Amino acid sequence: MKRIGFVVFLTLLFLMGWFAVRDVSLELDHLTVEKANLPDMSLEKVEFQREVEGVEWTATIERAERRGKEIRLLSLDIAGIGSEKQRWSLQAPTGLFLEERGKAVLSDVRGSVATGESVAYFEAPEAEWSEGATEVLFVDGASFRRSDFYFEGNSVRVSFSGVFSAEKGASFTWIMPENTE
Numbered sequence: 293m294k295r296i297g298f299v300v301f302l303t304l305l306f307l308m309g310w311f312a313v314r315d316v317s318l319e320l321d322h323l324t325v326e327k328a329n330l331p332d333m334s335l336e337k338v339e340f341q342r343e344v345e346g347v348e349w350t351a352t353i354e355r356a357e358r359r360g361k362e363i364r365l366l367s368l369d370i371a372g373i374g375s376e377k378q379r380w381s382l383q384a385p386t387g388l389f390l391e392e393r394g395k396a397v398l399s400d401v402r403g404s405v406a407t408g409e410s411v412a413y414f415e416a417p418e419a420e421w422s423e424g425a426t427e428v429l430f431v432d433g434a435s436f437r438r439s440d441f442y443f444e445g446n447s448v449r450v451s452f453s454g455v456f457s458a459e460k461g462a463s464f465t466w467i468m469p470e471n472t473e
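So the mapping is simple: this note's numbering equals the position in the sequence shown, first residue as 1, plus 292.
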């Protein structure tokens, strides 16, 4: 009985070794790797700070995946603090950074711009920013609201200094404060 158990053990050991050698010697097909659509590199929970034109920016990104010359971004939270109590915040579920053009494109953007006690909120389907630029472009339009006004434009540019302009049509509603007498 001990011999049969020993033979079974050796047979199983041989089969496991044979399958291991066979698996290791399999060639990895280049097309199989491309079909898997794996990123070149993936980073999770990334946070970095950068100063641009006197504004200290902090970006927190849940995941960044590099694929060729593109970096796909998931769950972005960006905050900026400038002089004179200026603050910016921006959130987007997805984004794309095109390295060759130095351009970031964010989708379903929401955020706020605050100066002192005054806070304005904005939202847009897409936001574009190019490296070195001091403005954000909302090609597909954007809306901004504050306690005393509402602004909506079809193609909007917003500078870091707080100036915004619209092309291809816009509407502006000024809300007069109620008389408290």
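Glycine is no exception: its CB is placed at the ideal position from the N, C-alpha and C atoms. Everything numeric in this text was worked out from a predicted model, so none of it was measured.
Quiz item: Taking buried to mean at least 16 other C-beta atoms within 10 Å of its own C-beta, is Leu323 buried or exposed?
Solution: Reliability of the predicted coordinates at Leu323 is poor, the pLDDT of 49 falling under 50, and the value obtained from them is presented with this limitation in mind. Leu323 should be labelled exposed.
Exercise. Please list, in chain order, all residues of the same chain as Glu343 whose beta carbon is under 6 Å from its beta carbon, the five residues on each side excluded.
Key: none
Self-check item: Collapsed DSSP secondary structure at Thr243 in the structure displayed
Solution: Residue 243 cannot be examined here, being either before or after the span of the chain that is shown, 293 to 473.
Quiz prompt | Close Cβ partners of Gly433 (< 8 Å) along its chain, the five nearest in sequence each way excluded | solution = Ala416, Pro417, Glu444, Gly445, Asn446, Ser447, Val448
Quiz item: Grouping DSSP H, G and I as helix and E and B as strand, with all else coil, what is Val431?
Solution: coil
Exercise. Please report the residue range of the beta strand (DSSP E) in which Phe443 lies.
Key: 441-451
Quiz item: To the nearest angstrom, how far is it from the Cα of Asp468 to the Cα of Ala406?
Solution: Just to set this straight, residue 468 is Met in the shown sequence, not Asp. Rounded to the nearest angstrom, the two C-alpha atoms are 20 Å apart.
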